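Engineer: The letter at position 94 of the sequence shown is residue 565 when you use my numbering, and the numbering goes up by one with no holes.
Glycine included, every Cβ here is placed at the ideal spot set by N, Cα and C.
Just so we're clear, the structure is a prediction, and the values are computed from it rather than from any experiment.
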Amino acid sequence: MNLRILVGVCGFPSRLGELEKVLDAVEVQKTFYNPPRVETAERWRKQAPGLTFTVKAWQLITHPASSPTYRKLPKAIREGLDPSEVGFFRPTRRVMEALEKTMEIARALDARVVVFQTPASFRQKEENLRNMFAFFRNADREGRIFGWEPRGDWSPEVVRRVCEELGLVHIVDPFKGEHLHGDIAYFRLHGIGGYRYKYGEEELRSLAQKVKGIGKDSYVMFNNTEMLDDAVRFRKILLMRSPS
Numbered sequence: 472m473n474l475r476i477l478v479g480v481c482g483f484p485s486r487l488g489e490l491e492k493v494l495d496a497v498e499v500q501k502t503f504y505n506p507p508r509v510e511t512a513e514r515w516r517k518q519a520p521g522l523t524f525t526v527k528a529w530q531l532i533t534h535p536a537s538s539p540t541y542r543k544l545p546k547a548i549r550e551g552l553d554p555s556e557v558g559f560f561r562p563t564r565r566v567m568e569a570l571e572k573t574m575e576i577a578r579a580l581d582a583r584v585v586v587f588q589t590p591a592s593f594r595q596k597e598e599n600l601r602n603m604f605a606f607f608r609n610a611d612r613e614g615r616i617f618g619w620e621p622r623g624d625w626s627p628e629v630v631r632r633v634c635e636e637l638g639l640v641h642i643v644d645p646f647k648g649e650h651l652h653g654d655i656a657y658f659r660l661h662g663i664g665g666y667r668y669k670y671g672e673e674e675l676r677s678l679a680q681k682v683k684g685i686g687k688d689s690y691v692m693f694n695n696t697e698m699l700d701d702a703v704r705f706r707k708i709l710l711m712r713s714p715s
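(1) Which residues bound the alpha helix (DSSP H) around Lys681?
(2) Could you compute how far the alpha carbon of Val584 sits from the alpha carbon of Val526?
(3) Alpha carbon to alpha carbon, how far is Phe560 from Phe604?
(4) What three-state label does DSSP hand Ala547 in the structure shown?
(5) For Leu522, which option in Gly614, Glu489, Ile532 and Glu510 has the closest C-alpha, if you only look at C-alpha atoms?
(6) Contact between the segment 592-599 and the segment 561-569 is defined here as three or more beta-carbon pairs at a separation below 8 Å; is this criterion met?
(7) Ignoring anything shorter than 4 residues, give me the alpha helix (DSSP H) runs that lie fully in the segment 497-576, in order along the chain.
(8) Measuring CB to CB, does Val640 end up less than 7 Å from Gly653?
(9) Just reading off the beta strand (DSSP E) that Pro621 is part of, what are its end residues?
(10) Check whether the segment 568-579 and the segment 642-652 are in contact - that is, three or more C-beta pairs closer than 8 Å.
(11) With DSSP as the reference, please indicate the residues paired to Phe587 in a beta bridge.
(12) Roughly how many angstroms lie between the CA atoms of Gln518 and Thr573, to the nearest whole one?
(13) What are the complete alpha helix (DSSP H) segments, minimum 4 residues, inside the segment 622-671?
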């Protein structure tokens, strides 16, 4: 079986045309902070037709209004928010509108995967699980893959069960945990010990073995200060080990 391992970065550390020459994929971060206009996303798609795009879901879905990431929202949006209506998959019109905006950009980019990252404050408790189940059971996925990257003290057993029952891909940093469920694997690498990190050659070689050992099509997305260089080096390791 020929596995497809796509290597990419979270964000645009260089121009899309340059990224297209050396990588396979890009995870759009602007959709998390404040989604761009559809025309902007369409322009990105045209600038790099050879790249596979994924998108990170808007923070209004996953993060509470107290999150420092809300500072990147335009003032007009931020000041018009009711904190009780956003974040934590709350069953509100505002959250569902945020999903539609996320999917609008996903359509423009022909993104295959939508990443839902929850903060550590989204704890393993009944209310959060209830909201999460209602959200994903009602969401129109439009044939796209939905993935969940939990932060905080979620037990592996609960994460696996949630992903199985809701048809979600478990997203994880492979140096911090195991991939627990999904038809594909999706890894986000945040740096060992912190964002300001450069992966060593042995770490990248070990990562290549681990990803291949899972036996699934995979996305390996770097999200650290040296993301571009690390991703390029990792992709070269994969190509050396898998000559075409």
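Structural biologist: Quick look at the numbers:
(1) Working through the sequence shown from its first residue, we reach residue 681 at position 210. Per DSSP, Lys681 belongs to the alpha helix (DSSP H) from Glu672 to Ile685.
(2) Locating residue 584 in the sequence shown gives position 113, where the first residue counts as 1. Locating residue 526 in the sequence shown gives position 55, where the first residue counts as 1. Each residue's alpha carbon lies about 7 Å from the other.
(3) Position 89 of the sequence shown, counting from 1, holds the residue named residue 560. Position 133 of the sequence shown, counting from 1, holds the residue named residue 604. Cα-Cα distance, rounded: 9 Å.
(4) For the purposes of this step, residue 547 is taken as residue 76 along the sequence shown, with counting starting at 1. Three-state result, Ala547: helix.
(5) For the purposes of this step, residue 522 is taken as residue 51 along the sequence shown, with counting starting at 1. Per the Cα distances, Glu489.
(6) no
(7) 501-504, 509-518, 530-533 and 546-550
(8) One-based indexing of the sequence shown puts residue 640 at position 169. One-based indexing of the sequence shown puts residue 653 at position 182. Cβ distance < 7 Å, so Val640 and Gly653 count as in contact.
(9) Position 150 of the sequence shown, counting from 1, holds the residue named residue 621. Run containing Pro621: Ile616 to Pro621, per the beta strand (DSSP E) assignment.
(10) no
(11) The residue labelled residue 587 in the question sits at position 116 within the sequence shown. Phe587 is bridged to Trp619.
(12) Along the sequence shown, one-based indexing puts residue 518 at 47. Along the sequence shown, one-based indexing puts residue 573 at 102. Approximately 20 Å, taken between the alpha carbons.
(13) 627-637
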